[in-house]
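Numbering (UniProt numbering), first residue to last: 1 to 129. For every residue, glycine included, the Cβ atom is placed at its ideal position computed from N, Cα and C.
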Amino acid sequence: MTRYNKGANAERELLKALYEAGMAVCRVAGSGKNDKPMPDAVALKDGKIFAFECKAWKADNLNISRVQVEELESWCKTAGAQFVIAWKIPHKGWRFFGKEHLHETGKAYAISREKAFEIGKNLDDFKLG
């Protein structure tokens, strides 16, 4: 399975779960290949807007480029959305957290799998708010 397919399938899986939890959802086609900053997915419920950067990595650390994070923060500010990083870890499930839980590594922001499990919400906790 290509990296694109793996990520796209994870995004679809996430949106299905959020939809089943009563959220309005949409996937942003081409979000990673567009020259304009945009999230991978958006979910809305009770006036709250969530903009997701979705990652499906089996590595021990998740790294997201500084430029990508800062552009998505700008998009969220314009849209009035909450920026959420959704990391699907194989055989472990989803972890949800904000940028404030990432640390800077120079050209990127990063978080360890261990810290993601320590501070991040699982899918059920995220759906409940």
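Candidates the options, of which the one nearest residue i by Cα
| i | options | result |
| --- | --- | --- |
| Leu-102 | Cys-76, Ile-111, Trp-94 | Ile-111 |
| Asn-63 | Ala-116, Leu-15, Lys-127, Lys-45 | Ala-116 |
| Phe-109 | Glu-118, Val-42, Val-67, Gly-47 | For the record, residue 109 in the displayed sequence is Tyr; it is not Phe. Considering only alpha carbons, the answer is Val-67. |
| Leu-15 | Lys-107, Lys-121, Ala-86, Lys-48 | Ala-86 |
| Lys-48 | Ile-119, Ala-24, Met-38, Glu-20 | Ala-24 |
| Lys-121 | Phe-50, Lys-36, Asp-46, Trp-94 | Trp-94 |
Where the beta strand (DSSP E) containing residue i begins and where it ends
| i | result |
| --- | --- |
| Lys-55 | 48 to 56 |
| Val-42 | 41 to 45 |
Rounded separation between residue i and residue j - CA only
| i | j | result |
| --- | --- | --- |
| Gly-22 | Asp-60 | 32 Å |
Collapsed DSSP secondary structure at residue i in the structure displayed
| i | result |
| --- | --- |
| His-91 | coil |
| Val-69 | helix |
| Ala-108 | strand |
| Ala-86 | strand |
Residue i - containing alpha helix (DSSP H), residue span
| i | result |
| --- | --- |
| Ala-116 | 113 to 119 |
Below 8 Å, can you find three or more Cβ-Cβ pairs linking the segment 18 to 31 to the segment 73 to 91? no
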